[in-house]
Every structure is written in C-alpha cells, then in structure tokens.
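Numbering (full-length UniProt numbering), first residue to last: 1 to 852.
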C-alpha cells in the first residue's frame with residue numbers, strides 16, 4: 001500500500017546526508033548513477049506504442065543520441081574533473097537540454113532531462129560557463145501528464161540504499177563502476193525492454209552494449225573513453241547512425257589511422273605581412289618591402305616541428321573582394337593567425353582585429369587565433385589585448401615581431417610566436433578523425449592520383465573503395481567525411497543538375513581558378529559580367545604548381561566545372577537575358593542607380609542591425625538567390641531592386657550599409673506580407689550558417705498602427721524612423737498584449753505584426769497559449785519535472801491535482817528529481833564560491849514558489 005511522501009522533508013534528508021558526506025566527487029558520481037539507472041524509462045509504453053513515440057519520428061535518433069552522449073561525456077568527471085575538455089562537457093549538456101528535451105513527451109521528458117542534468121552537473125564541476133545558459137534551453141517541453149510506472153516505494157528505497165553506500169565513503173571509481181541491481185522486478189523488466197529496443201534501432205546496438213556495461217559494472221578503457229568523448233567536428237557533423245558506427249569501430253579498435261594533417265589560416269588586411277611571416281616560418285629570406293600582394297589564396301605545406309603532423313598554410317589575400325569568397329575555405333578545426341597592419345590608412349590595429357575576429361567567429365567558430373603585430377620595427381602595433389580576449393576568448397595571445405628581423409633583432413620575439421603557434425597546431429592535431437586501414441589506404445591512393453590529375457571520376461573512386469574493402473553502404477558516408485576534411489571536393493547538386501561525374505582531388509585547382517576570374521581586369525571592366533568565352537581566355541595556357549610540386553592546368557573540358565562551382569558557391573548567377581553569361585554580384589557597379597522607382601511611401605521597413613560585423617557575402621548570396629526578380633537590371637554592389645514574379649505588383653528594395661553594419665529590407669505592394677515572408681526567410685537561411693554572428697532585428701513602426709494618446713498626440717512629434725526590436729514585439733504578442741508602448745508612442749500590436757512571418761508569430765503565440773493553458777490546468781507532473789531538472793525550479797508553484805498519475809508514481813519521480821537537485825546544489829555551494837550567490841538566489845526562488 002502506497003503512502004504519501006513529504007517531498008520537502010525527503011529533499012532535506014538527502015541534502016543533509018550529502019552535506020555530511022563532504023565529498024564533491026562522490027556527490028557528482030551519485031547524480032550520474034541515478035541518471036543512468038533511470039534512463040530505461042524511455043522505453044515505457046513502447047509495447048502499446050512505438051519506441052520513442054513521444055518524439056517526432058524524423059528526430060528520434062537525433063534526440064536519443066543526444067541523451068546517450070550526455071551520459072557518456074559526463075562519465076569520467078566524478079573521477080577526474082580535468083580528464084576531458086570542458087567545452088565537450090558543456091556541449092553535451094547543451095545537446096541533451098536543447099535536443100533531447102525539445103520534443104519530449106511523457107517518460108522521455110523525465111529520462112532525457114535526467115541525463116541532461118547529469119551532464120550539466122559535470123559541466124559545472126569542470127566550471128564550463130556556457131553550460132549554465134543551456135539550462136534554460138527549451139524548458140517548456142511538450143510533456144503530457146504521464147509518469148513512469150513503478151511499484152510501491154522501490155525507487156526511494158533504491159535511493160536510500162545508494163546514500164547508505166555513500167556514507168561509507170567508498171572509492172569514487174569503485175562506487176561509480178559497481179553493478180546496480182534493481183530492487184523491483186518491474187524496473188528490471190523495463191531495463192531489459194529498453195536495451196532490447198535500443199538493439200532494434202540501426203547502429204544503436206553500440207549504446208545498448210555501452211549501457212549494459214555500465215549496469216554490469218564493467219570498467220572502461222580510459223583511452224577509448226577519451227577519444228569517444230572528444231569526437232572531431234567532422235564526425236559530429238554526420239548523422240546519428242554514422243556517429244554511432246564511428247564510436248563502435250573506435251571501441252573495437254578498428255580505427256587506428258589518422259591523416260595527421262592540420263590547417264593554419266593566415267588572415268588580415270592587405271600588405272599586413274602574412275606572406276612574409278610564412279616565409280620566416282619556412283626559414284626563407286624575407287626582403288624589406290615584403291612579398292607581392294597575394295591574390296586569392298596561396299597554399300603551402302609545413303612540417304610541424306617534433307611531430308609527424310603536416311600543416312597546410314592557407315595564405316588569404318586581404319583585398320575586400322576576397323573576403324566574400326574566403327568563407328568557402330574556412331573551417332572550425334583550424335589555427336588562425338591574424339596579422340595586423342599598424343601602417344594601414346583604413347583602420348587601426350584594434351579595428352582590424354575586431355573585424356577579422358568577427359570574421360573568424362562567423363565562419364570558424366571557436367577556433368584558436370594568434371594575433372601577430374608584424375612590421376613592428378617600422379611602427380609599433382598597439383593592441384588592447386585584454387579587452388579583445390575578454391570579448392573573444394579564443395584569442396590565444398598577441399605577438400609583436402618583425403619578419404624581416406626574425407634571424408637577428410627580433411629572433412627572441414619570433415621564437416615565442418613560433419612556439420605558441422606550434423603548440424596550437426599540435427592541439428588541433430589531437431582531435432582528428434581516425435580511419436580503418438582500408439579507408440586510410442583509399443586516402444593514400446587518392447593522394448597519389450591527385451599528382452597526375454586534379455580530378456577523379458566517381459566510377460574510379462568507387463573502384464578504389466571496393467578494391468580496398470570499403471563496402472558500398474559506407475562509401476557515401478566516407479565521401480562526405482573526405483569532403484569535410486578537404487581530401488575530396490564534390491558538389492552533389494552539380495552532379496544531379498549537370499551530370500558531372502568527377503570529384504576534385506586538389507582544392508588548389510579550384511581556388512586558383514576562381515580567384516583568377518574574380519581578380520581579372522576584364523571582369524572589373526565588364527562590371528561583373530562573365531561570358532563563357534571569357535573563362536577560356538582568362539585561363540588559357542594557365543598552369544600552377546601546388547604545394548606538392550604538381551603542375552595543374554585548365555583544359556577546356558574542365559572550365560564548365562569551374563563556372564558551376566562558382567554558382568554553387570553563390571558567387572554568380574546566370575544572366576536572364578543571354579545564355580552563356582553570368583553576373584558576379586561583388587563586381588557589379590558600386591553606385592546605386594540614379595533613379596529608383598521603388599515606392600518607399602507606406603513601405604514595410606525591416607532591418608538587421610549587426611553589432612560588429614556584416615559579412616560581405618550576405619548581400620551577394622541574397623542577390624544570387626533572387627536574381628530572377630531583379631527589376632530592370634537594378635542591382636549594384638550595395639543593393640538590389642526586386643519585383644516579385646510570384647506576388648504581382650509587389651516589390652522590394654534591399655540595401656547593405658557596411659559602415660553602419662545594417663542590412664535593410666523594404667517591401668511594398670498588395671501582397672507585402674507574402675513577399676516579405678519569402679525574402680525574410682531567405683535572409684535567415686543565409687545567417688543561420690553563421691550561428692555566432694550577432695545582430696538585432698528591427699521593425700519600423702507603421703504610423704497607421706499608432707494609437708491616439710489620451711492627452712492628445714502632437715502630430716509634429718511623429719518620427720518616421722520610429723522602430724522597435726522585433727523580439728520585443730513578438731514577446732508582447734506572446735503575452736497577449738493588444739498594445740505596444742515604447743518611446744515613440746502607443747501602437748496597435750496586431751496591426752504592427754499583421755504582415756510579419758506567420759511561422760514566427762505562430763510559434764510565439766503558441767508558446768504563450770501553451771504557458772497560459774499549463775497554468776490554467778496547473779501543469780502536468782512531467783512538465784513540472786522537466787522544468788525542475790532544467791533549473792527553473794517552479795515545483796511548488798503548481799499542484800498535481802489534475803494529473804492522471806497515481807500519487808505513488810508522482811511521488812517516486814519527484815523524489816528522484818529532488819534528490820539530484822539537492823546533490824548538485826550542495827556540490828556547487830561547497831565547491832564553487834563564485835557560483836554560490838547565484839545558487840543561493842535559486843534556492844530562495846524555490847522556497848518562494850513552495851510557499852506560494
């Protein structure tokens with residue numbers, strides 16, 4: 001017979017016992033064990049419904065992987081807080097919070113969030129700051145009022161047994177790895193069902209084996225665990241099944257080979273001294289006055305001292321036109337060297353640093369950056385390093401030097417930079433994808449083939465794979481990985497649309513060819529108009545030598561690939577008035593047309609206000625996407641005038657102001673809302689590829705939506721530039737507000753948002769409706785648990801009188817969650833003084849809610 005549990009009393013009991021324990025590592029191990037043991041709740045009701053029925057079918061494997069990875073990444077933390085990179089822990093915590101709980105229903109909300117909580121605890125233990133923000137991600141899951149089934153107080157008894165074990169202060173590793181017999185036949189059956197369901201999913205047998213080992217108390221090979229946790233970015237970018245297969249092969253010792261190559265990218269303004277710095281690293285003579293300015297990208301090879309690594313140096317040209325095209329060759333797993341020019345007339349070193357650091361943030365993520373103040377023998381390079389490192393934590397240091405004096409006067413300064421640079425390259429080489437011997441044999445054969453011809457037919461690639469034992473099922477997955485690593489470059493859409501059957505083995509061929517066209521005087525004179533014959537003329541008799549000494553040429557039969565690759569890169573679009581002609585937006589006339597007939601009166605105005613950096617390629621990519629709507633050829637380097645072919649009579653004016661860092665959109669016509677939605681979605685699609693780019697969305701407020709002030713409104717004070725943050729408007733709408741009040745006056749909110757994207761409005765409104773509905777219904781048990789685990793702590797605010805679960809089911813689940821909250825809160829308060837005040841406020845909030 002079930003009895004009612006006093007939740008507050010139970011939590012205080014757990015808290016008191018953990019405080020007496022006074023062992024942070026054991027407390028962290030306890031939270032992790034509880035999360036692992038409760039994971040089988042994901043299989044509840046799977047017999048009457050599909051396994052993972054509570055998630056959207058297309059997302060099930062992604063969410064399940066996020067949950068499992070969160071547990072795996074957190075596993076070593078209780079035994080060694082410094083064993084794995086902190087960013088990996090934080091990212092796994094975020095993945096479990098944001099992905100696994102995003103669409104969680106019923107039992108999944110509990111088990112998935114439990115795994116996320118364990119990862120969060122580990123992340124805090126390692127002091128990963130960005131894991132804290134993840135606690136708020138997708139807190140409102142779509143949870144129904146179902147709870148995990150269990151008998152009597154079995155789980156509470158299990159928890160108390162665990163606490164009894166902790167009170168004897170066992171060795172942390174022994175405690176964490178000991179077998180965990182379940183005190184209830186029902187829970188044991190649930191575990192068996194869960195593992196069986198896992199084995200039924202393609203590739204998830206790896207996780208069934210991994211979890212079974214944890215339940216049985218088997219030890220883990222520390223080297224394999226470390227490599228499993230620190231997966232290379234190229235592997236993480238693949239689909240869940242490919243990731244699982246990689247993990248399984250890694251665990252079985254089948255992946256032994258690495259390509260042992262890293263990339264270093266040298267960026268900065270023109271004439272900053274990037275090429276001369278590379279010459280110094282290569283031990284070459286560096287002349288006064290420097291080398292000729294790099295046009296496009298120069299690639300060279302450098303052996304990393306005292307390692308078996310080969311570094312590929314990518315020397316990026318500093319001309320503005322090149323900035324828009326560099327994006328296609330940047331990678332997150334690189335080392336960036338930002339060379340600053342103190343003698344630049346355009347900007348000072350701090351301005352240069354911020355521009356290029358934003359460039360790296362947009363395209364290279366958190367990749368390490370070394371700042372180099374070259375030519376400091378001529379002019380001191382003054383940089384506010386502390387402020388830059390505060391805003392850009394990936395800045396590793398500042399190195400003032402002179403490439404011309406690297407052998408004498410600046411020998412010491414150069415040696416310091418070289419040592420730091422080499423260290424970063426070694427770190428970059430630590431987390432590289434591993435390959436089977438068969439796969440590595442294919443890679444070596446591709447390298448050999450690239451010396452004879454930069455291209456390889458797909459049929460030849462398939463033949464090489466088959467000969468080396470890479471089966472057909474894995475070839476597409478293998479090819480995708482090779483493309484991410486730059487070993488092979490292919491454009492799937494080009495193969496579908498144009499029937500190309502070749503892969504590109506040498507990126508030097510592509511980069512040189514593209515930049516030869518973009519930098520040509522002919523193309524500049526023709527204001528970006530590129531004819532088919534121009535390509536042949538500009539590249540006729542051209543040949544280059546790559547970093548391996550191979551000679552590359554541009555035969556006529558390959559030129560179409562070059563043009564189509566530029567289209568794939570969104571560097572050009574086909575001219576609508578002439579076959580065999582393309583337009584390069586970055587080389588269009590720089591002046592806006594003298595006469596624009598766009599009706600600006602009553603137009604819907606919207607802006608993207610970039611905080612530090614408006615990438616040059618955004619407008620060009622947008623123009624390429626909408627070239628069919630260009631009105632009367634009115635496109636220029638900073639804007640475009642469109643007339644919709646779909647929404648008759650509706651037109652748009654789009655302009656980019658690079659000084660103010662504003663991307664402005666104006667739309668007018670009878671179907672403004674529909675055309676705006678289309679253009680707005682297109683811009684977001686471009687910006688979503690740069691998730692760390694910071695910008696604000698502004699809507700200009702329509703005077704027709706203004707409400708008359710009760711005291712009488714003075715018409716002269718109206719501001720035609722009245723605007724508001726789009727997010728604030730959506731938040732007001734989500735709260736059910738009918739009016740929007742700001743410094744410009746009072747507005748009818750429905751009228752302001754009427755032409756806005758329906759999807760975004762609907763999402764905000766749905767969230768508000770959901771929240772209101774949840775409050776009115778006093779929120780289901782699982783929604784409360786999800787909110788509690790994710791750190792919102794609103795437990796006492798809601799009751800469970802309307803839930804369909806039994807009191808015992810409710811009590812058991814809440815008791816587990818309160819247990820884990822108490823464990824980690826205690827750990828944080830005892831271990832991290834700098835987080836103490838924040839968590840004390842969190843506890844106060846819990847008490848307020850409980851009192852309410």
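Think of the CB as a built atom: it goes at the ideal place given N, C-alpha and C, for glycine as much as any other residue.
For clarity, every value in this text was computed on a predicted model and none was experimentally measured.
The alpha-carbon of residue 186 is positioned some 30 angstroms away from that of residue 16.
In the structure shown, residue 424 adopts helical secondary structure according to DSSP, grouped into three states. DSSP places residue 664 within a strand segment (E or B) once states are collapsed to three. Shown here, residue 617 sits in a helix according to DSSP, grouped into three states. Membership of residue 634 in the beta strand (DSSP E) is indicated by the continuous run 630-636. Taking C-beta atoms as the reference points, residue 215 and residue 266 fail to come closer than 9 angstroms. Relative to the Cα of residue 276, the nearest Cα in the group 406, 32, 172, 21 belongs to 406. Listed in chain order, the non-local C-beta contacts of residue 619 below 6 angstroms within the same chain comprise 656, local neighbours out to five positions each way being set aside. When secondary structure is reduced to three states using DSSP, residue 491 falls in the coil class, being assigned neither helix nor strand. Runs of the alpha helix (DSSP H) spanning 4 or more residues and lying entirely within the segment 663-748 occur at 672-687, 726-734, in chain order. Of all C-beta pairs linking the segment 547-561 to the segment 596-603, fewer than three are shorter than 8 angstroms, placing the two stretches out of contact. In this structure, the beta-carbon distance from residue 592 to residue 639 falls below 9 angstroms. Put simply, the backbone Cα of residue 61 is about 46 angstroms away from that of residue 636.
Under a 10 Å Cβ-count criterion, residue 540 is classified as exposed, with fewer than 16 other Cβ atoms of the shown protein chains found around its own Cβ. Leaving aside the five residues that flank residue 587 on each side, the residues in its chain whose CB is nearer than 7 angstroms to its CB run, in chain order, 523, 524, 527, 528.
Straight-line measurement puts the Cα of residue 357 at about 17 angstroms from the Cα of residue 273. A contact is defined here as three or more CB-CB pairs under 8 angstroms, and the segment 220-227 fails this definition with respect to the segment 184-204. Counting only residues of its own chain and dropping the five nearest sequence neighbours on each side, residue 43 has a CB closer than 7 angstroms to the CB of 51, 190, 193, 194, 197. According to DSSP, residue pairing for residue 400 in a beta bridge involves 373. With respect to residue 247, residue 431 sits apart: the two C-beta atoms are not nearer than 9 angstroms.
A straight-line Cα-Cα distance of about 43 angstroms links residue 433 and residue 654. When the Cα atoms are used, residue 609 and residue 478 turn out to be separated by approximately 40 angstroms.
Positions of the beta strand (DSSP E) runs, each at least 3 residues long and wholly inside the segment 430-456, cannot be given because no such run exists.
With a cutoff of 9 angstroms on beta-carbon distance, residue 514 and residue 470 are scored as not near each other. For residue 615 and residue 684, the gap between their C-alpha atoms comes out near 14 angstroms. The way I'd put it, the segment 231-240 doesn't touch the segment 367-387; fewer than three beta-carbon pairs between them come closer than 8 angstroms. Residue 700 and residue 589 have their C-alpha atoms spaced approximately 29 angstroms apart.
Under the 10 Å beta carbon count, residue 621 is surrounded by 16 or more other beta carbons and is classified as buried. Checking the DSSP bridge columns, you'll see residue 639 partnered with 636, 655.
Between residue 641 and residue 598, the C-beta spacing is below 9 angstroms. Residue state for residue 411 is assigned as helix, using DSSP reduced to three classes. CA-CA distance, residue 364 to residue 212, rounds to 38 angstroms.
With a beta-carbon spacing of about 7 angstroms, residue 249 and residue 436 fall inside the 8 angstroms limit used to define contacts.
Separation of residue 271 and residue 375 (C-alpha to C-alpha, rounded to the nearest whole angstrom) is 10 angstroms. By the Cβ-count criterion, residue 750 is exposed, with fewer than 16 other Cβ atoms from all chains shown falling within 10 Å of its own Cβ. About 6 angstroms separates the beta carbon of residue 234 from that of residue 481, a gap short enough to meet the 8 angstroms contact definition.
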